[in-house]
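What follows is a single structure, written as structure tokens, with notes after it.
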Amino acid sequence: MAILDWIILGLFCVALVGIILWTLRKKDKDTSDYFLAGRDATWIAIGASIFASNIGSEHLVGLAGAGAESGMAMAHWEMHGWLILMLGWLFVPFYARSGVFTMPEFLEKRYNAKSRSFLSIISIVSYILTKVAVTVYAGGVVFKDVFNIEYVTLFNQQIDFFWISAIGLVVLTGIYTVFGGMKAVLYTSVLQTPILLAGSIAILVIGLNQLGGWGNLMEIVRATDVTYMNDAGEMVRSSSMANLMRSPGDPDFPWTGVILGSAIIGFWYWCTDQFIVQRILSGRDQTQARRGTIFGAYLKLTPVFLFLIPGMIAFALKQQGTMDFASNDAAFSTLVKELLPKGFTGIVVGGILAALMSSLASLFNSSSMLFTVDFYQKIKPNASEKHYVMVGRMATVVIVVLGILWIPVMKGLGQVLYEYLQDVQSLLAPGIAAVFLLGVISKRTTPSAGFIGLVVGFILGMSRLGLKVYFGDTVGDGMIYNVFVAPNWLHYEIAIFFIIIALMVIVSFFTKRMDPAKIQGLYFGSATAEQRAITRASWSKWDVINSA
Numbered sequence: 003m004a005i006l007d008w009i010i011l012g013l014f015c016v017a018l019v020g021i022i023l024w025t026l027r028k029k030d031k032d033t034s035d036y037f038l039a040g041r042d043a044t045w046i047a048i049g050a051s052i053f054a055s056n057i058g059s060e061h062l063v064g065l066a067g068a069g070a071e072s073g074m075a076m077a078h079w080e081m082h083g084w085l086i087l088m089l090g091w092l093f094v095p096f097y098a099r100s101g102v103f104t105m106p107e108f109l110e111k112r113y114n115a116k117s118r119s120f121l122s123i124i125s126i127v128s129y130i131l132t133k134v135a136v137t138v139y140a141g142g143v144v145f146k147d148v149f150n151i152e153y154v155t156l157f158n159q160q161i162d163f164f165w166i167s168a169i170g171l172v173v174l175t176g177i178y179t180v181f182g183g184m185k186a187v188l189y190t191s192v193l194q195t196p197i198l199l200a201g202s203i204a205i206l207v208i209g210l211n212q213l214g215g216w217g218n219l220m221e222i223v224r225a226t227d228v229t230y231m232n233d234a235g236e237m238v239r240s241s242s243m244a245n246l247m248r249s250p251g252d253p254d255f256p257w258t259g260v261i262l263g264s265a266i267i268g269f270w271y272w273c274t275d276q277f278i279v280q281r282i283l284s285g286r287d288q289t290q291a292r293r294g295t296i297f298g299a300y301l302k303l304t305p306v307f308l309f310l311i312p313g314m315i316a317f318a319l320k321q322q323g324t325m326d327f328a329s330n331d332a333a334f335s336t337l338v339k340e341l342l343p344k345g346f347t348g349i350v351v352g353g354i355l356a357a358l359m360s361s362l363a364s365l366f367n368s369s370s371m372l373f374t375v376d377f378y379q380k381i382k383p384n385a386s387e388k389h390y391v392m393v394g395r396m397a398t399v400v401i402v403v404l405g406i407l408w409i410p411v412m413k414g415l416g417q418v419l420y421e422y423l424q425d426v427q428s429l430l431a432p433g434i435a436a437v438f439l440l441g442v443i444s445k446r447t448t449p450s451a452g453f454i455g456l457v458v459g460f461i462l463g464m465s466r467l468g469l470k471v472y473f474g475d476t477v478g479d480g481m482i483y484n485v486f487v488a489p490n491w492l493h494y495e496i497a498i499f500f501i502i503i504a505l506m507v508i509v510s511f512f513t514k515r516m517d518p519a520k521i522q523g524l525y526f527g528s529a530t531a532e533q534r535a536i537t538r539a540s541w542s543k544w545d546v547i548n549s550a
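Note that the sequence shown covers residues 3 to 550 in the working numbering.
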């Protein structure tokens with residue numbers, strides 16, 4: 003990078019430090035302060051944090067790589083801003099009335115303590131071993147490629163720059179998350195979001211200009227067929243790279259799986275996952291929380307243009323012979339390295355750093371909150387709030403250390419593990435989504451049904467993951483392979499969702515319901531007149547208009 007780029011990146015870091023120091027001036031008096039920013043966040047901070055937390059390695063590496071490999075097929079996952087609106091309009095009232103800190107805590111109030119503990123364990127383990135690990139690994143790879151540095155000499159020893167960037171990313175993010183808590187996560191997002199948007203827009207505009215405009219891009223991708231091998235061993239055309247829909251036989255993105263499958267994952271992620279919903283729980287009131295989701299939904303319209311299409315631009319430039327990259331996952335970083343003029347590179351690198359730090363900070367804070375609130379407070383229920391805040395900070399440190407220790411595993415297994423871990427959320431999502439959905443739809447869903455739904459959904463999902471690792475590239479022919487491994491990943495996910503729905507309905511017929519008085523306000527039609535009045539007063543016609 004040029005000197006100007008380093009200056010711009012340095013200014014971004016100075017601004018980031020300034021915001022962190024400002025948040026540290028506001029002492030965290032209790033767990034509400036530390037984990038939920040005192041439940042005083044405004045809609046701008048909430049919406050910016052929703053967006054910045056969402057934009058992690060799966061966008062900088064995965065989405066751009068998907069654009070370079072298969073075109074518009076992955077756009078479906080980025081067109082679910084309506085699910086963020088569902089969070090704001092349908093779920094915010096339930097979560098606000100419950101007064102919970104975590105999503106597992108909501109399940110305890112709606113179902114039982116076993117459901118809370120099980121979801122907490124699943125969430126913490128999956129955050130550390132998948133989301134944290136993938137973000138850190140991808141961050142190390144991206145920065146090594148962008149800075150074009152192979153090794154750094156320290157104390158007469160050559161050290162792979164991957165380690166410098168990966169560990170540096172974890173440590174720096176961990177420091178401000180440990181001391182700043184949710185306030186630091188929220189308010190650094192207010193800085194990080196515009197930097198991320200500015201950098202990505204620069205990539206899009208300069209990339210299209212280099213290619214010769216939108217028309218040239220569409221001409222190239224429309225002329226590029228996406229093919230797959232059918233059961234007879236014949237290469238069959240699925241669609242062109244420009245199409246959103248693929249044929250039902252497409253092994254990756256059949257339209258029969260994409261439409262519903264992407265919505266199930268989106269519902270789980272946007273409406274029930276602690277990683278996202280924690281931002282809503284930090285809202286000053288229902289008005290600020292809902293408007294934060296509206297703002298976040300607007301921002302969610304941009305990733306297709308900021309990450310997926312740049313990946314397609316990289317593919318088109320490669321087709322023209324003006325650019326080359328070793329793998330599709332290097333598409334975004336190659337655009338940064340080869341296309342951007344002085345000054346713009348600093349902005350984009352700042353945006354990449356902002357995205358990865360925001361995503362990591364959110365993961366650290368959410369994981370430590372789950373441990374402290376869902377486990378430690380139950381073990382030691384009468385400790386002071388100051389003590390719980392200290393435990394939360396210690397838990398964050400432990401999670402940071404675990405993230406660092408997991409990096410060598412990611413580095414050693416590399417792309418193979420990265421691909422497997424990307425499958426995890428499609429395997430965890432359907433069971434959790436079904437449990438939350440039936441829980442808020444009907445009072446007839448019993449505690450036993452909720453717990454059994456979580457456990458069976460987890461078993462079905464992890465069985466497929468374990469068997470995929472076991473079989474590898476080998477094609478099996480037995481019943482186990484045909485049931486758990488052979489089906490398309492989206493079809494399998496949809497099957498799990500409806501199996502769990504059916505199972506929970508059946509179990510609910512034979513098990514005892516919760517006393518309706520104990521779950522009042524936690525399912526549709528159960529709110530008191532006062533609760534309905536509070537929710538109605540929290541929105542205006544302008545909120546409806548902006549949502550439309």
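Glycine included, every Cβ here is placed at the ideal spot set by N, Cα and C.
Among the options, which one has its Cα closest to the Cα of residue i?
i: Gly-405; options: Gly-67, Gly-141, Phe-103; result: Gly-141
i: Trp-91; options: Thr-33, Ala-70, Gly-183, Gln-290; result: Gln-290
i: Gly-523; options: Leu-87, Val-442, Pro-256, Thr-25; result: Val-442
i: Phe-512; options: Arg-27, Gly-394, Thr-447; result: Thr-447
i: Ala-168; options: Tyr-129, Val-144, Ser-191; result: Val-144
i: Trp-272; options: Glu-532, Tyr-525, Met-81; result: Met-81
i: Ala-244; options: His-78, Ala-299, Phe-277, Gln-276; result: His-78
i: Tyr-525; options: Gln-276, Ile-278, Arg-112; result: Arg-112
i: Ala-497; options: Ala-431, Met-516, Gly-527; result: Ala-431
i: Ile-454; options: Leu-440, Arg-466, Leu-467; result: Leu-440
i: Pro-95; options: Phe-277, Trp-270, Asp-287; result: Asp-287
i: Thr-179; options: Ala-435, Leu-13, Leu-38; result: Leu-38
i: Thr-195; options: Phe-255, Asn-218, Leu-358; result: Leu-358
i: Leu-469; options: Leu-456, Val-485, Val-458; result: Val-485
i: Met-247; options: Asp-42, Gly-73, Gln-160; result: Gly-73
i: Leu-85; options: Met-231, Trp-45, Ile-266, Gln-321; result: Ile-266
i: Ala-451; options: Tyr-494, Ser-510, Thr-476, Leu-283; result: Ser-510
Got a sec, what are the start and stop residues for the alpha helix (DSSP H) residue i sits in?
i: Tyr-139; result: 135-149
i: Ile-496; result: 491-512
i: Ile-5; result: 5-26
i: Asp-35; result: 33-38
i: Pro-518; result: Neither: Pro-518 is in no alpha helix (DSSP H) and is coded neither H nor E.
i: Thr-537; result: 531-539
i: Lys-320; result: 311-322
i: Arg-224; result: 216-224
i: Thr-336; result: 333-341
i: Phe-120; result: 115-128
i: Gly-83; result: 83-88
i: Val-546; result: 543-549
Name the two residues that bound the continuous beta strand (DSSP E) containing residue i.
i: Asp-227; result: 227-231
i: Leu-551; result: Outside the displayed range of the chain (3 to 550) lies residue 551, so it cannot be described from this structure.
i: Gln-159; result: 159-162
Report the three-state DSSP secondary structure of residue i (helix, strand or coil).
i: Leu-303; result: coil
i: Met-237; result: strand
i: Ala-385; result: coil
i: Ser-284; result: coil
i: Pro-256; result: strand
i: Ser-364; result: helix
i: Ser-167; result: helix
i: Ala-43; result: strand
i: Ser-444; result: coil
i: Ser-202; result: helix
i: Ile-57; result: coil
i: Phe-552; result: Examination of residue 552 is not possible in this model, given that the chain is present from 3 through 550 alone.
i: Tyr-472; result: helix
i: Tyr-525; result: coil
i: Lys-29; result: coil
i: His-78; result: helix
i: Met-371; result: helix
State the beta-bridge partners of residue i as determined by DSSP.
i: Arg-248; result: Pro-256
i: Ser-242; result: Asp-227
With 8 Å set as the bound, which would you pick, yes or no: does the beta-carbon of residue i sit closer than that to a beta-carbon of chain D?
i: Ala-299; result: As a matter of chain content, chain D is missing from the structure shown, which is built from one protein chain.
I want to check one thing, is the minimum distance from the CB of residue i to the heavy atoms of the ligand ZN below 7 Å?
i: Lys-344; result: Within the structure as shown, the ligand ZN is missing, as the structure has no ligands at all.
(message) Across the segment 218-236 and the segment 456-468, are there enough close Cβ pairs to call them in contact, namely three or more that are closer than 8 Å?
(response) no
(message) Within 8 Å, do at least three Cβ pairs link the segment 153-164 to the segment 117-137?
(response) no
(request) State whether the segment 307-323 contacts the segment 114-124, with contact taken as three or more CB pairs (one from each stretch) at a distance under 8 Å. (result) no
(message) I'd like to know if the segment 13-29 and the segment 367-376 are in contact, where contact means that at least 3 CB-CB pairs between them fall below 8 Å.
(response) Because the criterion of three Cβ pairs below 8 Å is not met, the segment 13-29 and the segment 367-376 do not touch.
(message) Does the structure place the segment 502-509 close enough to the segment 274-285 that three or more beta carbon pairs sit under 8 Å?
(response) As far as the Cβ criterion goes, the segment 274-285 does not touch the segment 502-509, which means the pair count is below three.
(message) Using 8 Å as the cut-off, can you tell me whether the segment 40-50 makes contact with the segment 332-351, which would need three or more C-beta pairs spanning the two stretches below that distance?
(response) no
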